[in-house]
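Numbering (the numbering used here), first residue to last: -5 to 113.
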């Protein structure tokens, strides 16, 4: 039902070269306390059912993916690897953030993707 983000990330050599194997990639938009950077978080904050008269039904999920690192240049490399891993399965629709968290001082680059899953 939900898009299979973790398998896409864990199957991408460019991603795992940066965030490890198994990849430090976490659902629900948050990482565990004291996680080592770099890592990826994602959540599915919205979506809708696509229903047609022909019966070709699907679910469209909007997924936010956040790349995190303690190093500015590394977060850029990670974001490119994540985008490369996810674009064959989903449509990149927005760049959300390119910032440094004021509390943790970690750098973040964030995207929104739409994934269409047939039912």
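Idealized CB from N, CA, C, for every residue including glycine. Quantities reported herein were computed from a predicted structural model and do not represent experimental measurements.
Distance between beta carbons of residue 29 and residue 59, contact taken as under 8 Å: Mapped onto the chain shown, residue 59 falls at position 65. Mapped onto the chain shown, residue 29 falls at position 35. Between residue 59 and residue 29, the beta carbon gap of about 16 Å keeps them out of contact (Cβ cut-off 8 Å).
Check: Looking only at DSSP bridge pairs, what is residue 103 linked to?
Finding: Position 109 of the chain shown holds residue 103. Paired residues: 61, 92.
| request: Using 10 angstroms around the beta-carbon of residue 87, count the other beta-carbons present and answer buried if the total reaches 16, otherwise exposed. | output: As a working mapping, residue 87 is identified with position 93 in the chain shown. In summary, residue 87 is exposed, with fewer than 16 beta-carbon neighbours lying within 10 Å of its beta-carbon over all protein chains present.
* Member of 111, 82, 77 whose CA lies at the smallest distance from the CA of residue 104 -> Locating residue 104 in the chain shown gives position 110, where the first residue counts as 1. Ranking 111, 82, 77 by Cα distance to residue 104 puts 77 first.
Query raised in the report: Considering only C-alpha positions, which residue in the set 68, 25, 41, 89 is nearest to residue 11?
Result: As a position in the chain shown, residue 11 is number 17, starting the count at 1. Per the Cα distances, 68.
By a C-beta neighbour count over all protein chains shown, 10 Å radius and 16 as the cutoff for buried, is residue 21 buried or exposed? For the purposes of this step, residue 21 is taken as residue 27 along the chain shown, with counting starting at 1. Its Cβ having fewer than 16 others within 10 Å, residue 21 is exposed.
Which residues mark the beginning and the end of the alpha helix (DSSP H) in which residue 4 is found?
-> Taking the first residue of the chain shown as position 1, residue 4 is located at position 10. Taken as a continuous stretch (DSSP letters only), the alpha helix (DSSP H) holding residue 4 covers -1 to 4.
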